[in-house]
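What follows is a set of notes on a single structure, which appears directly below.
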Amino acid sequence: MGEQNLVQDFPQEQKKFNLKEVLIPSLVIIAIIVAGGFTGYFLSKRGVASGPTETKELIGGAEVVQGPKEVGIKDEKAFRDTSQGKIQVNDNGDIPEGSHKLLRPGGESQTAYLTSSVLDLNQFLGKCVQVWGETFAAQKAGWLMDVGRVKILDSCPEGL
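Residue 440 in my numbering sits at position 149 of the sequence shown; the count goes up by one each step and never skips.
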């Protein structure tokens with residue numbers, strides 16, 4: 292029996308570089324990325340205050356509201372707690388709970404601390420609003436709420 296090498300060399304083929312095989316898919320990918328960037332930019336410029344109020348029904352009967360003065364999920368069962376005040380960013384000083392806080396008449400003891408799993412509360416900074424949400428147990432905050440719907444008020448509650 293003759294001895295065979297278990298490892299054999301592959302024949303070396305020189306594949307010719309084809310510019311079309313690389314350039315065309317690369318240009319298509321770049322075009323898709325650029326189109327996505329423009330789409331995102333223009334959709335973000337629409338903002339909250341663009342156009343009439345729209346409502347869409349979700350599974351389970353809840354409605355999504357989006358308009359110039361009201362945004363969120365209109366579900367009184369899930370978001371049954373409500374309050375009015377002015378939204379500010381929570382600086383996490385004394386109370387490190389919630390991303391934002393709702394200043395209400397009556398001073399610091401009446402402040403509600405807010406978070407939202409549905410909305411970007413930064414859209415409402417410095418505005419007087421009515422919020423609907425669900426109260427959660429807090430460690431330091433007197434009132435911690437997960438906000439599901441926000442309505443911009445024409446005027447602030449008395450005392451703010």
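Backbone N, C-alpha and C define an ideal beta-carbon position, used for all residues, glycine too.
Residue burial classification, residue i (beta-carbon count within 10 angstroms, cutoff 16)
i, result
"residue 446", "exposed"
"residue 322", "exposed"
"residue 301", "exposed"
9 Å Cβ cutoff met for residue i and residue j
i, j, result
"residue 423", "residue 440", "yes"
"residue 438", "residue 406", "yes"
"residue 444", "residue 375", "yes"
"residue 404", "residue 392", "yes"
Helix, strand or coil at residue i according to DSSP, with G and I counted as helix
i, result
"residue 386", "coil"
"residue 306", "coil"
"residue 367", "coil"
"residue 357", "strand"
"residue 406", "strand"
"residue 399", "helix"
"residue 393", "strand"
"residue 449", "coil"
"residue 452", "Here the chain covers residues 292 to 451 and nothing more, so residue 452 does not appear."
"residue 340", "Any reading at residue 340 needs caution, since the residue's pLDDT is 46, under 50, leaving its predicted position unreliable; the model's value is listed next. In the structure shown, residue 340 sits in coil (DSSP, three-state: anything other than H, G, I, E or B)."
Residues sharing a beta bridge with residue i, DSSP
i, result
"residue 320", "Beta-bridge pairing links residue 320 to no other residue."
"residue 419", "377"
"residue 427", "435"
Closest residue to residue i among the options (Cα-Cα distance)
i, options, result
"residue 363", "434, 299, 412", "412"
"residue 369", "303, 301, 408, 431", "408"
"residue 469", "436, 448, 450, 318", "Nothing about residue 469 can be reported from this structure: the residues present for the chain run from 292 to 451 only."
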